[in-house]
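Asker:
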Amino acid sequence: MILQNYWFTTLMGLKDPIQPPLTTDIEADILIVGGGAAGLAAAYAVMGKGIRVVLLERNICGGSSTGKSAGFLTPDSELELSQLIRRFGNTDAKNLWGLAAKASQDIAGIIKKHGIQCDLQEQESLYLGNNASGYKEIIAESEARTSLGYTQTLYDKDAIKSLIGSSTYSGGVRYAGTYGINPLLYAQGMKRVLLDHGVSIYEGSEVKELKGNTVKTHLGSVKAAKIIFCVDKIKKDLSHFARNIYHAQTFLSISEILEPEDVQSLFPNGNFQCWDSDLVYSYFRLTGDNRLLLGGGSMLTTFSRNDVTSPSVMNSVIKKFKAKFPQLHHLEFMQYWPGRIDTTRDLIPTVAIDPKAPHVHFVLGCVGLPWATLCGDFAARHAFDDAGCTDHMCYEYFRPDRDFLIPLWMERFLGKQLVFSLNNGWAKYYQKDPPMGVER
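At position 49 of the sequence shown (counting the first as 1) the number is 50 in our numbering, and the numbers step up by one without a gap.
#1: Assign residue 108 to buried or exposed, taking buried as 16 or more other Cβ atoms, counted over all protein chains shown, within 10 Å of its Cβ.
#2: So residue 318 and residue 252 are in contact, right, with Cβ under 8 Å, and what is the actual spacing, rounded?
#3: Kindly provide the ranges of any beta strand (DSSP E) runs that are 3 or more residues long and lie completely inside the stretch 175 to 237, ordered along the chain.
#4: Sort out for me which residues DSSP pairs residue 21 with in a bridge.
#5: If you compare alpha carbons, which of 360, 191, 175 and 174 is closest to residue 182?
#6: Which runs of the alpha helix (DSSP H), 4 residues or longer, sit entirely within the stretch 353 to 410?
#7: Which residue from 115, 205, 17 and 5 puts its Cα closest to that of residue 24?
#8: Taking its Cβ as the centre, do 16 or more other Cβ atoms sit within 10 Å of residue 123, making it buried, or is it exposed?
#9: Rounded to whole angstroms, how far is the Cβ of residue 126 from the Cβ of residue 179, which I believe are closer than 8 Å?
#10: Should residue 74 and residue 56 be called a contact, given that it needs their Cβ atoms to be closer than 9 Å?
#11: On the three-state DSSP scale, how would you describe residue 274?
#12: What residue range does the alpha helix (DSSP H) around residue 92 cover?
#13: Would you report the Cα separation of residue 427 and residue 406, rounded to the nearest angstrom?
#14: Using a 10 Å radius around the Cβ and a threshold of 16 neighbouring Cβ atoms, would you call residue 430 buried or exposed?
#15: Check this for me: beta carbons of residue 71 and residue 284, under 9 Å apart or not?
#16: What first and last residue would you give for the alpha helix (DSSP H) that runs through residue 292?
#17: In whole angstroms, give me the CA-to-CA distance for residue 129 and residue 399.
#18: When the Cα atoms are used, what is the spatial distance from residue 351 to residue 366?
#19: Classify residue 383: buried if its beta carbon has 16 or more other beta carbons within 10 angstroms, exposed otherwise.
#20: Measuring straight from C-alpha to C-alpha, what distance separates residue 347 and residue 215?
#21: May I have the straight-line CA-CA distance separating residue 17 from residue 189, to the nearest angstrom?
#22: What are the start and end residues of the beta strand (DSSP E) that includes residue 334?
#23: Decide yes or no for the touch test of the stretch 4 to 12 against the stretch 324 to 341: beta carbon pairs closer than 8 Å, at least 3 of them.
#24: Apply the 10 Å Cβ neighbour rule to residue 353 and answer buried if 16 or more other Cβ atoms are within range, or exposed otherwise.
#25: Rounding to the nearest angstrom, what Cα-Cα distance links residue 169 and residue 131 in this structure?
#26: Flag this pair as yes or no: are the beta carbons of residue 26 and residue 223 separated by less than 9 Å?
#27: Buried or exposed for residue 439, please, with buried defined as at least 16 other CB atoms from any protein chain shown within 10 angstroms of its CB.
#28: With distances taken Cα to Cα, identify the nearest neighbour of residue 165 among 146, 273, 246 and 98.
#29: Kindly confirm or deny that the stretch 34 to 49 and the stretch 368 to 387 touch, where touching means at least three C-beta pairs closer than 8 Å.
#30: Give the single residue among 162, 279 and 105 whose Cα lies nearest to the Cα of residue 270.
#31: One question on the structure: do residue 135 and residue 157 come within less than 9 Å of each other, judged by their Cβ atoms?
#32: Mind checking residue 307: buried by the 16 CB within 10 Å criterion, or exposed?
#33: So does residue 271 have its beta carbon nearer than 8 Å to some heavy atom of the ligand MG?
#34: Applying the criterion that 16 or more other CB atoms from any shown protein chain within 10 Å of the CB defines a buried residue, is residue 359 buried or exposed?
#35: What are the boundary residues of the beta strand (DSSP E) that includes residue 67?
#36: If you measure between the beta carbons of residue 67 and residue 184, is that distance less than 9 Å?
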């Protein structure tokens, strides 16, 4: 396998894939820093409002976490619905899940409305149990969905074989309303939509300094009434909220094009986007041209401080996949790439306003394209017209001062890596919070 992000190869032939960097001093009503899913959604929310909107991106739009992702459009990211219910209760869990589900539909709607060519695939979700305990999680997820009025189908060990070409899974739960996309082509398509609607976009323009209402890049600056940071790996000199964010590392690979009989052997009754019940789970789906996109990781590298680029982790994921699907033992994977996904201690995004500079907003730690989209959209709408918004409860859901198993100050003794991994595990499997209420 070649160490290369396959999505970048799909940009070949794209008209004007790179916008020039900022080289002058300009002004804006709203400045958005970051051109991933969150930043693009923020810009989309305020475009056409009769204001000057500027977006700065240090790479190309979608060039970081967004363009390294698997392109799953589903509310499931790191927390299943059953885990949200355990933690927040039915009302708040349904609110949160509903927000992410709506964002999935919003992304698909934008793609269709503007004709963005990004391999949009309507793919039902299939959450798979790997063993007896995994099947208990599958049952819990099915019951959680039923309790909140959602529809789904539960499959036991025998019945699941009608959907997936493996005898190793203990069961699964299936539901509709989810999609798969090429996330980098989506980001580039969104960039074109924004440009066509008057948004000024500068790529290759990393923000080096924030002072008052002005941000500086290497070659220029932007003075703005409102500033929204929607970035990965934000630096401490830009915001104290940087200490709230860490990263999880996962890996993706993509195969050669599957023959029709191989597709049929993998998915006997239609394509799905799948993930399993392991703590460090594997996930897979087919692209529109029938390449298999397979992702996963390992306990040793998920919270590694530094990037891991060796193919050993991905080779292990592929080996386990082929053990489950021996009929695909001949399948070759062409490329693989790592991705460091920003996350918070409890796997819920952070949306915050700097208390010392209320014109500066932050969207941080969003795992999953729908979650990033809903948070970017939320922050921009409130920056533009907070009084006209009716969803202020999201500030409560995404506030930065949430309670965690191990408090922030313990990182001085235990280290950020260990504290984040322990808090992530606790939040996913054990944490229970009091009801949030409707207003902060």
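Where a beta carbon is used, it is the ideal one built from N, C-alpha and C, also for glycine. All values reported here derive from a predicted model rather than from experimental measurement.
Answerer: Once the coordinates are examined:
#1: Under this definition residue 108 is a buried residue.
#2: Contact annotation, residue 318 with residue 252: C-beta distance approximately 7 Å; criterion of less than 8 Å satisfied.
#3: Fully enclosed beta strand (DSSP E) runs of 3 or longer: 201 to 203, 210 to 212, 215 to 217 and 222 to 230.
#4: Answer by DSSP bridge pairing: none, since residue 21 is not bridged.
#5: The residue among 360, 191, 175 and 174 with its C-alpha nearest the C-alpha of residue 182 is 191.
#6: Counting only runs that start and end inside the stretch 353 to 410, the alpha helix (DSSP H) elements of at least 4 residues fall at 370 to 386 and 394 to 398.
#7: Ranked by Cα distance from residue 24, the options 115, 205, 17 and 5 are led by 205.
#8: Exposed, since its Cβ has fewer than 16 Cβ neighbours within 10 Å.
#9: Indeed, because the Cβ distance is near 5 Å, the residues count as touching under 8 Å.
#10: It is not a contact, given that the beta carbons lie outside the stated cut-off.
#11: Residue 274 falls in the strand class under three-state DSSP.
#12: Residue 92 -> alpha helix (DSSP H) spans 91 to 115.
#13: Distance between residue 427 and residue 406, taken at the CA atoms: about 7 Å.
#14: Residue environment: residue 430 is assigned as exposed (fewer than 16 neighbouring CB atoms within 10 Å of its CB, all protein chains considered).
#15: Contact check for residue 71 against residue 284 passes: the beta carbons are separated by less than 9 Å.
#16: Per DSSP, residue 292 belongs to no alpha helix (DSSP H); it is in the beta strand (DSSP E), 292 to 297.
#17: Roughly 29 Å between the two C-alpha positions.
#18: Across the structure, residue 351 and residue 366 are spaced so that their CA atoms are roughly 6 Å apart.
#19: Buried.
#20: Their Cα atoms are separated by approximately 32 Å.
#21: Straight-line Cα distance between these residues: approximately 10 Å.
#22: Note, residue 334: beta strand (DSSP E), 334 to 344.
#23: Contact holds: three or more Cβ-Cβ distances are below 8 Å.
#24: By the Cβ neighbour-count rule, residue 353 is buried, with 16 or more other Cβ atoms within 10 Å of its own.
#25: As the crow flies, the alpha-carbon of residue 169 is around 7 Å from that of residue 131.
#26: Remark: C-beta atoms of residue 26 and residue 223 approach each other more closely than 9 Å.
#27: The predicted position of residue 439 is uncertain, since its pLDDT is 43 and thus under 50; no value can be drawn from it.
#28: Among 146, 273, 246 and 98, the Cα nearest to that of residue 165 is on 273.
#29: With contact defined as three or more Cβ pairs closer than 8 Å, the stretch 34 to 49 and the stretch 368 to 387 are in contact.
#30: Selected option, being the one with the closest Cα: 162.
#31: Taking 9 Å as the cut-off, the beta carbon of residue 135 is found no closer than this to the beta carbon of residue 157.
#32: Residue 307 sits exposed, since fewer than 16 C-beta atoms from the chains shown fall within 10 Å of its C-beta.
#33: Looking for the ligand MG in the displayed structure turns up nothing, as the structure carries no ligands at all.
#34: Classification for residue 359: exposed.
#35: For residue 67, there is no enclosing beta strand (DSSP E); the enclosing alpha helix (DSSP H) covers residues 66 to 69.
#36: Yes, the pair counts as a contact, with Cβ atoms nearer than the cut-off.
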